[in-house]
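Participant:
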Amino acid sequence: MTQDKARQQDQEAASVASDPTLNKEAVDEVVEQYERSANSDDDKELDVSTQKELGDVERALEDSVLGMDDAS
1 MTQDKARQQD QEAASVASDP TLNKEAVDEV VEQYERSANS DDDKELDVST QKELGDVERA
61 LEDSVLGMDD AS
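Note that the UniProt record's numbering has the sequence shown beginning at 1, numbered continuously upward.
#1: Consult DSSP for S49 and reduce its assignment to one of helix, strand or coil.
#2: Quick one: Cα of V65 to Cα of N23, how far?
#3: Note down the Cα distance separating M1 from R36, rounded to an integer number of angstroms.
#4: Could you check how far apart the C-beta atoms of V30 and E62 are, in whole angstroms? I think they sit under 8 Å.
Structure (structure tokens):
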């Protein structure tokens, strides 16, 4: 990947990350999937990409909570 393409992807990710509506929708979707799987009686394993996505969301939520705690 070229540096320009990587820079463009970073800028796109930053603009998406700064949009609170998109963040809320993404978090809501992941939370809904998590709750659905937690309430399910199936003992199936989540695929690796889903586990990674849930981990990323969990870390982002922790970071935002820590940021709110620091700000207060």
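All C-beta atoms in this analysis are idealised placements derived from N, C-alpha and C, irrespective of residue type, glycine included. The model shown is predicted, which means the values in this text are computed figures rather than measured ones.
Facilitator: Result, derived from the coordinates:
#1: Position 49 of the sequence shown, counted from the start, is the residue given in the question as residue 49. Here S49 sits in helix by DSSP.
#2: The residue given as residue 65 occupies position 65 in the sequence shown. The residue given as residue 23 occupies position 23 in the sequence shown. Approximately 14 Å between the Cα atoms of the pair.
#3: Numbered from 1 along the sequence shown, position 1 holds the residue referred to as residue 1. Numbered from 1 along the sequence shown, position 36 holds the residue referred to as residue 36. Annotation note: pLDDT 49 at M1 (below 50); position unreliable, no value reported.
#4: One-based indexing of the sequence shown puts residue 30 at position 30. One-based indexing of the sequence shown puts residue 62 at position 62. About 14 Å; that fails the 8 Å criterion.
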